[in-house]
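Colleague: So the sequence shown is numbered by our numbering: it starts at 17 and just counts up by one.
Note that CB positions come from ideal geometry on N, CA and C, so glycine has one too.
Model, not experiment: these values are computed from the prediction.
Can you keep this structure in mind? I'll have questions shortly.
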Amino acid sequence: MKILQHTVSDKITFKGIGLHTGAEVKIDILPAPEDTGISFVKKEKDQKYIIKATVENIVSTLAATTIGKNGTTISTVEHLMAALYGLEIDNAIIVVNGPEIPALDGSAGVFVKKIKEVGLVQQQKPRHFIRILKTIQIEDGDRYIRIEPYDNFAINVEIQFAHSVIGKQQYICNNITSEEFERNISKARTFGFLSQVAEMRKNGLARGGSEKNAIVIGDSGILNSEGLRFKNEMARHKALDLIGDLALLGGPLLAKITARKNGHELHRKLMMKLINTDDAFKIISLESPFHIDNEWIWRDQAVAAVV
Ligand code: ZN
């Protein structure tokens, strides 16, 4: 586990189409100073709009996590956010020229591979770990999610679908290191049911979706000719989505998360309850295990100076 903050060592560019909008988008991940956190900058004509990657900036959880501010939005940030969290990157600025983060292969694997090729830079200041102090749970019918105190970052996810291709699947890990994330979570792709595609497209969703960037499940099986990457690929992808959403809390977690039939809205509700519950967490450094500050550390000036 990294104790000091890290950023990327150089600009990293990705191009591709958005899963839901189908729009061609280019993104540049830029190095950022200590304590900047993760911020998105959306370029529209000659304007630049800064949207910090925070829970409060989530504006929609319909089929993906969309963040926004003052009417400007960026959709499907979760796989990229998961890649940054999984690789233990604290500070980065992501310049986006379209409405949605590129889907690439539908996982975080392509982000992880290229970011690792370019490499990370260690910075001077300690990372701001979020130590959970109280157990918080959100329930919605037979779905639930719980976060509780723990000394590492642990996830226990279970999904259940009536379709025989998925059925009941789990992903469980009691210590998600960057190696575990890269090997066992990052490459798991998003998935969708062929029977729902027409309806989703009518509602402006899945317009860029295909077998190139999603596991497509038909009535009698998976349509992707290469098959699955893992037997429980769908549960692993739920863990990926969960990590990407939790990354919007703004720091590495010391917590155990248990979830059943979870999705983006349940994640958002859990995080909102967490940050609105008194003494539910504290921010610590692992260098000196004392309370640092209960305020989120964000510097708009730092973001503006880089872009
Ligand atoms: Zn996803």
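#1: So is residue 143 buried or exposed if we call it buried at 16+ other beta carbons inside 10 Å?
#2: Ordered along the chain, which non-local residues of its own chain (more than five positions away) have a Cβ less than 7 angstroms from that of residue 39?
#3: I think residue 277 touches residue 162, with their Cβ atoms under 8 angstroms apart; what is that distance to the nearest whole Å?
#4: Report the rounded CA-to-CA distance for residue 297 versus residue 291, giving the unit in angstroms.
#5: Measure the beta-carbon distance from residue 53 to residue 68 and round it to whole angstroms, keeping in mind my assumption that it falls under 8 angstroms.
#6: Tell me which same chain residues have a C-beta within less than 7 angstroms of the C-beta of residue 98, skipping the five on either side of it?
#7: Report yes if the CB atom of residue 61 is closer than 7 angstroms to the CB atom of residue 154, and no otherwise.
#8: Measure how close the beta-carbons of residue 139 and residue 36 come, nearest whole angstrom, since I'm counting them as under 8 angstroms.
#9: What are the start and end residues of the beta strand (DSSP E) that includes residue 56?
#10: Is any heavy atom in the ligand ZN found nearer than 6 angstroms to the beta carbon of residue 88?
#11: Exposed or buried, residue 251, counting other C-beta atoms within 10 Å across all chains shown (16 or more means buried)?
#12: Are residue 93 and residue 287 close, meaning C-beta to C-beta below 7 angstroms?
#13: Measuring only the C-alpha atoms, how far is residue 245 from residue 55?
#14: Taking 6 angstroms as the cut-off, does the CB of residue 357 come closer than this to any heavy atom belonging to the ligand ZN?
#15: At a cut-off of 6 angstroms, would you count residue 206 as near the ligand ZN, judging by its Cβ distance to the nearest heavy atom?
#16: Contact between the segment 227-237 and the segment 205-216: three or more CB pairs below 8 angstroms?
#17: Between residue 194 and the rest of its own chain, which residues show a CB-CB distance below 7 angstroms, the 5 nearest in sequence each way excluded?
#18: So the alpha helix (DSSP H) residue 188 belongs to, where does it begin and stop?
#19: Measuring straight from C-alpha to C-alpha, what distance separates residue 120 and residue 229?
#20: So, at 6 angstroms on beta carbons, what are the nonlocal neighbours of residue 122 in its own chain, with the 5 sequence-adjacent residues on each side left out?
#21: In whole angstroms, what is the alpha-carbon distance linking residue 45 and residue 279?
#22: For residue 78, name the three-state secondary structure that DSSP assigns.
#23: Note down, in chain order, each residue of its chain lying with its Cβ closer than 8 angstroms to the Cβ of residue 305, except the 5 sequence neighbours on either side.
#24: From residue 77 to residue 281, what does the alpha carbon distance come to, in whole angstroms?
#25: Under a Cβ-count criterion, where at least 16 other Cβ atoms within 10 Å of its own Cβ denotes burial, should residue 91 be classed as buried or exposed?
#26: Give me the Cβ distance between residue 299 and residue 175, rounded to the nearest whole Å; I'm assuming they're in contact under 8 angstroms.
#27: Counting only the same chain and skipping the five closest in sequence on each side, list residues whose C-beta sits under 8 angstroms from that of residue 151.
#28: Which residues share a DSSP beta bridge with residue 65?
#29: Taking 7 angstroms as the cut-off, decide whether the C-beta atoms of residue 31 and residue 18 are in contact.
Modeller: Taking the geometry as given:
#1: Taking the first residue of the sequence shown as position 1, residue 143 is located at position 127. When all chains shown are included, residue 143 counts as buried.
#2: In the sequence shown, the residue the question calls residue 39 occupies position 23. Here the set comprises 33, 114, 115, 116.
#3: Position 261 of the sequence shown holds residue 277. Position 146 of the sequence shown holds residue 162. So it is not a contact: roughly 13 angstroms between Cβ atoms.
#4: Locating residue 297 in the sequence shown gives position 281, counting from the first residue. Locating residue 291 in the sequence shown gives position 275, counting from the first residue. Roughly 8 angstroms separates the two Cα atoms.
#5: As a position in the sequence shown, residue 53 is number 37, starting the count at 1. As a position in the sequence shown, residue 68 is number 52, starting the count at 1. That pair is a contact at about 7 angstroms.
#6: Within the sequence shown, numbered from 1, the residue matching residue 98 stands at position 82. Within the same chain, residue 98 has close Cβ partners 124, 256, 259, 260, 263.
#7: Residue mapping note: residue 61 aligns to position 45 of the sequence shown, counting from 1. Residue mapping note: residue 154 aligns to position 138 of the sequence shown, counting from 1. Not closer than 7 angstroms, so no.
#8: Position 123 of the sequence shown, counting from 1, holds the residue named residue 139. Position 20 of the sequence shown, counting from 1, holds the residue named residue 36. Contact between residue 139 and residue 36 does not hold, since their C-beta atoms are separated by about 34 angstroms, which reaches or exceeds 8 angstroms.
#9: Locating residue 56 in the sequence shown gives position 40, counting from the first residue. Start and end: 54-60.
#10: Residue numbering aside, residue 88 sits at position 72 when the sequence shown is read from its first letter. Residue 88 Cβ: outside cutoff for every heavy atom of the ligand ZN.
#11: For the purposes of this step, residue 251 is taken as the residue at position 235 of the sequence shown. Residue 251 sits buried, since 16 or more C-beta atoms from the chains shown fall within 10 Å of its C-beta.
#12: For the purposes of this step, residue 93 is taken as the residue at position 77 of the sequence shown. For the purposes of this step, residue 287 is taken as the residue at position 271 of the sequence shown. A distance of 7 angstroms or more separates the beta carbons of residue 93 and residue 287.
#13: Taking the sequence shown and counting its residues from 1, the one referred to as residue 245 is at position 229. Taking the sequence shown and counting its residues from 1, the one referred to as residue 55 is at position 39. C-alpha separation (whole angstroms): 31 angstroms.
#14: As displayed, the chain neither begins before 17 nor continues past 323, which places residue 357 out of reach and without an answer.
#15: Working through the sequence shown from its first residue, we reach residue 206 at position 190. Residue 206 Cβ: within cutoff of the ligand ZN.
#16: They touch, by the three-pair rule.
#17: As a position in the sequence shown, residue 194 is number 178, starting the count at 1. Within the same chain, residue 194 has close Cβ partners 102, 103, 104.
#18: Numbered from its first residue, the sequence shown carries residue 188 at position 172. First-last for residue 188: 184-189, but that is the beta strand (DSSP E), not the alpha helix (DSSP H).
#19: In the sequence shown, residue 120 corresponds to position 104, counting from 1. In the sequence shown, residue 229 corresponds to position 213, counting from 1. Going by the C-alpha atoms only, they are around 6 angstroms apart.
#20: Here residue 122 refers to the residue found at position 106 when the sequence shown is read from its first residue. Cβ neighbours of residue 122 beyond the five flanking positions: 205, 206, 229, 230.
#21: Within the sequence shown, residue 45 is the residue found at index 29, counting from 1. Within the sequence shown, residue 279 is the residue found at index 263, counting from 1. Taking the straight line from one Cα to the other gives about 26 angstroms.
#22: Residue 78 sits at position 62 when you count from the first residue of the sequence shown. Residue state, collapsed to three classes: coil.
#23: Against the sequence shown, residue 305 aligns to sequence position 289. Caution applies to residue 305, whose pLDDT of 46 falls short of 50 and renders its modelled position unreliable; the value that the coordinates give is listed next. Cβ neighbours of residue 305 beyond the five flanking positions: none.
#24: Numbered from its first residue, the sequence shown carries residue 77 at position 61. Numbered from its first residue, the sequence shown carries residue 281 at position 265. Distance between the alpha carbons of residue 77 and residue 281: 5 angstroms.
#25: For the purposes of this step, residue 91 is taken as the residue at position 75 of the sequence shown. When all chains shown are included, residue 91 counts as buried.
#26: Start at 1 with the first residue of the sequence shown, and residue 299 comes out as number 283. Start at 1 with the first residue of the sequence shown, and residue 175 comes out as number 159. Wrong, their Cβ atoms sit about 31 angstroms apart, outside the cutoff.
#27: Start at 1 with the first residue of the sequence shown, and residue 151 comes out as number 135. Same-chain partners within the cutoff: 162, 163, 164, 165.
#28: Sequence index remark: in the sequence shown, residue 65 carries index 49 (1-based). Residue pairing from DSSP places residue 65 in a beta bridge opposite 58.
#29: In the sequence shown, residue 31 corresponds to position 15, counting from 1. In the sequence shown, residue 18 corresponds to position 2, counting from 1. No, Cβ-Cβ distance for residue 31 and residue 18 is not below 7 angstroms.
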